[in-house]
Amino acid sequence: MAAVTSTTPPASSGPAGPSSPQAVTQALLDLGRDPQHPFTVAVEGERIVARWVWKDAHDAGGSARSSYALRITLLPETHEYKRSEINTERSTGTATGTATFTSAKVVGPVTRTLEAHGWQRRKTALGKAIRSLFS
């Protein structure tokens with residue numbers, strides 16, 4: 003029997019279909035607890051938020067803190083989700099240093115988990131129009 007991980011839903015004997023909102027939420031929370039990923043996941047109101055604080059530097063001149071949040075809103079009636087991203091940077095004084103960050107380290111695992119559970123990103127009207135031009 004194949005191993006079930008936070009990104010793969012359990013096998014079922016019935017027809018394949020999307021996981022429930024509760025199951026996919028739990029899978030995303032489990033993903034955020036996995037130490038191989040540099041982010042945490044929490045439920046904040048109606049959203050699931052994957053958050054990564056990638057720089058927290060302090061030196062004699064000040065401090066700097068940067069963070070990234072990927073916000074997911076599940077749409078249970080269609081098994082789709084909406085997503086938005088927020089980057090924030092705060093500094094005091096003249097803190098120096100560099101940080102390397104790529105949102106793919108958050109977006110990739112979250113998207114793979116959602117897709118493994120049968121959830122698809124909601125298509126916007128603009129996206130639908132562009133796709134219809136090429137089909």
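Numbering (the working numbering), first residue to last: 3 to 137. Think of the CB as a built atom: it goes at the ideal place given N, C-alpha and C, for glycine as much as any other residue.
Under a three-way DSSP split, which group does Q122 fall into?
-> Numbered from 1 along the sequence shown, position 120 holds the residue referred to as residue 122. The answer is strand: DSSP assigns Q122 an E or B state.
Mind checking whether V55 and V43 have CB atoms under 8 Å apart?
-> On the sequence shown, residue 55 is found 53 positions in, with the first residue counted as 1. On the sequence shown, residue 43 is found 41 positions in, with the first residue counted as 1. In this structure, V43 does not lie closer than 8 Å to V55 by Cβ.
Those residues which DSSP pairs with E91 across a bridge = The count along the sequence shown starts at 1 and reaches residue 91 at position 89. DSSP, once it has assigned bridges, lists S68 as partnering E91.
Option nearest R123 by Cα separation, candidates S68, S86, A25, L33 = Counted from its first residue, the sequence shown places residue 123 at position 121. Considering only alpha carbons, the answer is S86.
Candidates S68, I74, S22: closest to Q111 by CA position = Locating residue 111 in the sequence shown gives position 109, where the first residue counts as 1. According to the sequence provided, residue 111 is Pro. The question's Gln does not apply to it. Checked all of S68, I74, S22; the closest Cα to P111 is I74.
Those residues which DSSP pairs with T75 across a bridge = Stepping through the sequence shown from its first residue, residue 75 is reached at position 73. Bridge partners of T75: K84.
Segment limits, alpha helix (DSSP H) that includes T104 | The residue you call residue 104 lines up with position 102 of the sequence shown. Counting along the chain, T104 falls outside any alpha helix (DSSP H), and DSSP gives it neither H nor E.
Contact set for W121: own chain, Cβ-Cβ below 8 Å, skip 5 residues either direction | As a position in the sequence shown, residue 121 is number 119, starting the count at 1. P20, S21, V26, L76, H81, E82, Y83, listed in sequence order.
Among residues of its own chain, excluding the 5 on either side of P23, which ones have a beta-carbon nearer than 8 Å to its beta-carbon?
-> Here the question's residue 23 lines up with position 21 in the sequence shown. Counting only Cβ-Cβ distances below 8 Å, and skipping sequence neighbours, we find L76, P78.
Straight-line CA distance for L31 to R67?
-> As a first step, residue 31 must be located in the sequence shown, where it is residue number 29. As a first step, residue 67 must be located in the sequence shown, where it is residue number 65. Distance between the alpha carbons of L31 and R67: 24 Å.
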